[in-house]
Amino acid sequence: MGYAGVIYEKKGHVALITLNEPEKLNALSMNIREGLERAFEEIENDNDVRSVVITGAGEKSFCAGADISGLKFEASYIKTFLGSILDTLAIGESCKKPVISAVNGFAFGGGFELAIGSDFIIASEKAKFGVPEINLGLLPGFAIVRLGNIIGRQKAKEMSMVGDPISAQEAKELGLVLDVVAHDEVLNRAMELAEKLASKPQAAIQLAKSAYNLGLGGDDIRYAKDAMPFLFLTEDSKEGITAFMEKRKPNFS
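Just so it is clear: in the sequence shown, position 243 is 464 by my numbering, and no numbers are missing.
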């Protein structure tokens, strides 16, 4: 079954969602965001689905981040745009069923955040993880309220304030990734885990997820929605985004 921007399949009790714009490195376009929303609505309402796997089409990219083509530097537009993006990034965390990200390539920016919003990450040995928004004069709104709890404040600050990517192996050593496998095995390993989760008693699985997520998703997400629009309207972010689109080095103030 296809939704705009994604392919949705049921394999037994597992829902498989494939971000399906490989020509754009599966960036979070409006199509992909709407497709994810519709797929997760179906998942929540389908009692036959017990676990979820998200992956990216193509060989290069899980998800390269937000699609900022056509971005308008207007306050009302930016607030709506960022609110929509943050809701998408939290979609795996908000789902009552366990979600696994099968990261088959780049997971940068919003793609990285989509992955850390899931319950488990299985990574290809070729995968790279990073939040390079600082290089555009921005910050990763979801990651700054989540990443410190996963890998510790020091490394989380370095990743978000320096912007350098990390390898799949380093991500595993940091506790960000559950398992690193051969590139052509990443989806198989994720499906294997999803099938194990689907075979367990679902009330206990869903309560476990809810318990581990206690304290997440309240004031911190609202803070990100309120705080992040400010950065998009600074001169540095305008310069950073423009330089990125023009493929040149930014000249920050």
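Just so it is clear, CB atoms sit at the ideal spot from N, CA and C, and this is done for glycine as well.
The beta carbon of residue 355 lies closer than 8 Å to those of 381, 382, 383, 384 in the same chain, with the five residues before and after it left out. In the structure shown, the three-state DSSP call for residue 474 is coil. In the assembly as shown, residue 325 is a buried residue. Its beta-carbon has 16 or more other beta-carbons within 10 Å. In the DSSP annotation of this structure, residue 405 is not part of any alpha helix (DSSP H), being labelled neither H nor E.
With a cut-off of 8 Å on Cβ pairs, the stretch 270-277 is in contact with the stretch 227-235, counting three or more such pairs. Between residue 348 and residue 403, the C-beta gap is not smaller than 7 Å, which leaves the two residues out of contact. Annotated three-state conformation of residue 398 is coil, per DSSP. In this structure, the alpha-carbon of residue 332 lies about 28 Å from that of residue 420. DSSP places residue 230 in the uninterrupted beta strand (DSSP E) bounded by 227-232. Between residue 321 and residue 414, the gap from beta carbon to beta carbon is short of 7 Å. Residue 469 and residue 252 have their C-alpha atoms spaced approximately 28 Å apart. A Cβ-Cβ distance of about 14 Å is found for the pair residue 418 and residue 342, leaving them out of contact under the 8 Å criterion.
Only buried fits residue 239, as 16 or more other CB atoms lie within 10 angstroms of its CB. Put simply, the backbone Cα of residue 258 is about 15 Å away from that of residue 339.
Runs of the beta strand (DSSP E) spanning 3 or more residues and lying entirely within the stretch 237-297 occur at 272-277, 282-284, in chain order. The beta carbon of residue 282 sits closer than 6 Å to the beta carbons of 246, 247, 326, 327 from its chain, once the five residues preceding and following it are set aside; these are given in chain order. Using a Cβ-Cβ distance cut-off of 8 Å, the stretch 439-454 and the stretch 295-306 are in contact, since at least three pairs of beta carbons, one from each stretch, lie closer than that value. Residue state for residue 468 is assigned as coil, using DSSP reduced to three classes. Within the same chain, 310, 361, 363, 364 come within 7 Å of residue 334 by CB-CB distance, once the 5 residues on both sides are set aside.
Straight-line measurement puts the Cα of residue 445 at about 16 Å from the Cα of residue 358.
Within the stretch 420-464, the alpha helix (DSSP H) runs of at least 4 residues that lie entirely inside it are, in chain order, 423-433, 440-453. Leaving aside the five residues that flank residue 455 on each side, the residues in its chain whose CB is nearer than 8 Å to its CB run, in chain order, 358. For residue 224, the number of other beta carbons within 10 angstroms of its own is at least 16, and it is reported as buried. Here DSSP, grouped into helix, strand and coil, assigns residue 417 to helix.
With a beta-carbon spacing of about 6 Å, residue 337 and residue 371 fall inside the 8 Å limit used to define contacts.
For residue 329 and residue 268, the gap between their C-alpha atoms comes out near 32 Å.
Going by DSSP, residue 363 is part of no beta strand (DSSP E) at all; its letter is neither H nor E.
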